[in-house]
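Each residue of the sequence shown is one higher than the one before, starting from 3 at the first, in our numbering. We put the beta carbon where it would ideally sit given N, CA and C, even for glycine. Please read these numbers as outputs of a predicted model, since none were measured by experiment. Written out below as structure tokens is the structure these notes cover.
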Amino acid sequence: MKIKYGPNEVEADPIEIVTATEPWCIYELADGTKIKVKHVLGAIFRAKNEFTDSNEPLYIIRSQNVVVPFEVPEDLKRKE
């Protein structure tokens, strides 16, 4: 199948995800807010005849980041 990779399309095969561990990363910001971020992988493909500079197979992922503020100082919240 052809998938978009940068400005090009490359031939690639979908690769099944057998196991996944997607932990939350927690960040404390300078304004006092704490956020949780999780990188969620939706699909992964191995490009045919495309390799990295280290001659390893090129993997292309489809993913999204989930961002959740979980501690926000009161003075940053919208006043109702």
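Residue nearest to Arg-48 in terms of C-alpha spacing, selected from Lys-4, Pro-59, Val-42 = Locating residue 48 in the sequence shown gives position 46, where the first residue counts as 1. Arg-48 has its Cα closest to that of Pro-59, out of Lys-4, Pro-59, Val-42.
Rounded separation between Asn-18 and Ser-65 - CA only = The residue you call residue 18 lines up with position 16 of the sequence shown. The residue you call residue 65 lines up with position 63 of the sequence shown. For clarity, residue 18 is Glu in the given sequence; the question names Asn instead. Rounded to the nearest angstrom, the two C-alpha atoms are 14 Å apart.
For Ala-45, count neighbouring Cβ atoms within 10 angstroms of its own Cβ and tell me buried if that reaches 16, exposed if not.
-> If you number the sequence shown from 1, residue 45 lands on position 43. Exposed, because fewer than 16 other Cβ atoms sit within 10 Å of the Cβ of Ala-45.
Should Leu-43 and Ala-14 be called a contact, given that it needs their Cβ atoms to be closer than 8 Å?
-> Within the sequence shown, the letter at position 41 stands for residue 43. Within the sequence shown, the letter at position 12 stands for residue 14. No, they are not a contact pair.
Inter-residue Cα distance where the pair is Ile-5 and Glu-11 | Counting from 1 along the sequence shown, the entry for residue 5 is found at position 3. Counting from 1 along the sequence shown, the entry for residue 11 is found at position 9. Roughly 5 Å between the two C-alpha positions.
Sequence-distant residues of the same chain with beta carbon closer than 7 Å to Ile-28, five excluded per side | As a first step, residue 28 must be located in the sequence shown, where it is residue number 26. Closer than 7 Å at Cβ, skipping near neighbours: Lys-36, Lys-38.
Look up Leu-78 in the DSSP assignment and say whether it is helix, strand or coil.
-> In the sequence shown, counting from the first residue as 1, residue 78 sits at position 76. Helix at Leu-78.
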